[in-house]
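Student: Counting the sequence shown from 1 gives a position; my numbering is that position plus 4. Where is the CB? At the ideal position from N, CA and C, for every residue including glycine.
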Amino acid sequence: DAYRLVEGHQYDLVVVVAPTHHHYFAGFSIYSAGNYLTPLGEVKVDLDLASDLIEQHPEINFTPEAHLHEHSLEVQLPFLQVTLGDFTLLPIVMGQQGWAQASKLAEIIAGLACDRSLLLIASTDLSHFHDAYKAAQLDRQIVASVSAFDPAAFWSLIENHQAEACGAGPLLSVMLAAKKIGAERAQILTYRHSGEVCGDNSRVVGYLSAAFLI
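Structure, rendered in structure tokens:
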């Protein structure tokens, strides 16, 4: 539903912020070694912008290991290829996830909107491997905080272990950046868990599709 919302639109830059699952590091890693290739074709990376950001911000680097086996960013690309066609990507993998790191990344991302139109995407799952009832209890709190467009409420849930999201830092970064750019409201598009697809409700993963709108 999120990708259907942007189908046919054009953006100067698509920024995807994803969490690291395999290689842990401080700061943020922007892939700057070339373009991405999926079964649907090549995805152009803004290599000049990536190099500029790495040079300008000590928090940003290119850590190859952060991208080598990281699915959370790449899984978004085929959807973007189908809905947008040709687009230019800024792929960011977030290492340490905290409020300070997310605030800094949001500031950097918002600065990119001065002279270009942006589509911001945070890649995350929600709760992991609870039964469907428990998953719904945990996830509905995140849905509520996202619906309220309340970054502080969302982060309080994460810090106090009242909810789960592997990409909590990316989601917080995008929420904060969207507010800085001028987004005023959130729209919940879809909430589902994996049990609704595979039929096994004993151990599910939660998924949320939402949009922050100007």
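When we look at the beta-carbon of V174 and count the other beta-carbons within 10 Å, is it buried (16 or more) or exposed?
Tutor: First, the amino acid is wrong: residue 174 is Pro here, not Val. Buried, by the Cβ-count rule.
Student: When you compare only the Cα positions, how much space is there between E69 and L130?
Tutor: 24 Å
Student: Just to confirm the assignment, what range does the beta strand (DSSP E) spanning R8 have?
Tutor: Element bounds for R8: not the beta strand (DSSP E) but the alpha helix (DSSP H), A6 to V10.
Student: Is the beta carbon of A104 sitting closer than 9 Å to the one on V178?
Tutor: No. Outside cutoff.
Student: Sorted by chain position, which residues of the same chain lie with C-beta nearer than 8 Å to D135's C-beta, five sequence neighbours on each side aside?
Tutor: N205, S206, R207 and V208
Student: Under a Cβ-count criterion, where at least 16 other Cβ atoms within 10 Å of its own Cβ denotes burial, should A99 be classed as buried or exposed?
Tutor: Note that residue 99 corresponds to Gly in the displayed sequence, not to Ala. So G99 counts as buried.
Student: If we require 4 or more residues per run, which alpha helix (DSSP H) segments fall completely within the stretch 32–95?
Tutor: 51–60, 68–72, 75–78 and 81–88
Student: Taking the alpha helix (DSSP H) that A148 falls in, what are its first and last residues?
Tutor: Here the alpha helix (DSSP H) through A148 covers A136 to S151.
Student: Please work out which residues of its chain come closer than 8 Å, Cβ to Cβ, to K48, disregarding the five sequence neighbours upstream and downstream, and give them in chain order.
Tutor: N39, D90, F91, T92 and L93
Student: Can you tell me where the beta strand (DSSP E) holding L122 begins and where it ends?
Tutor: L122 to A126
Student: I'd like to check one pair, A214 with Q101: are the Cβ atoms closer than 9 Å?
Tutor: no
Student: Using DSSP's beta-bridge definition, name the partner residues of Y15.
Tutor: Note: Y15 sits in no beta bridge, so no partner.
Student: So what does P23 bridge to, in DSSP terms?
Tutor: M98
Student: Residues bridged to G210 by DSSP?
Tutor: H197
Student: Give me, in chain order, the residues of the same chain whose beta-carbon lies closer than 8 Å to that of Q58; leave out the 5 immediate sequence neighbours on both sides.
Tutor: Just to set this straight, residue 58 is Ile in the shown sequence, not Gln. Taken in chain order, the residues that qualify are I34, S36, I64, N65 and F66.
Student: What number of angstroms, rounded off, separates the C-alpha of V18 from the C-alpha of L122?
Tutor: When the Cα atoms are used, V18 and L122 turn out to be separated by approximately 6 Å.
Student: So, R189 versus L217, is the Cβ gap smaller than 9 Å?
Tutor: yes
Student: Got a sec? Which residues, its chain only, sit under 6 Å from P82 by beta carbon, not counting five neighbours each side?
Tutor: T42 and L44
Student: State the Cα-Cα distance for the pair P155 and G203, rounded to the nearest angstrom.
Tutor: 33 Å
Student: Within 9 Å of any Cβ in chain B, is that where the Cβ of K108 sits?
Tutor: The structure shown contains no chain B; it is built from a single protein chain.
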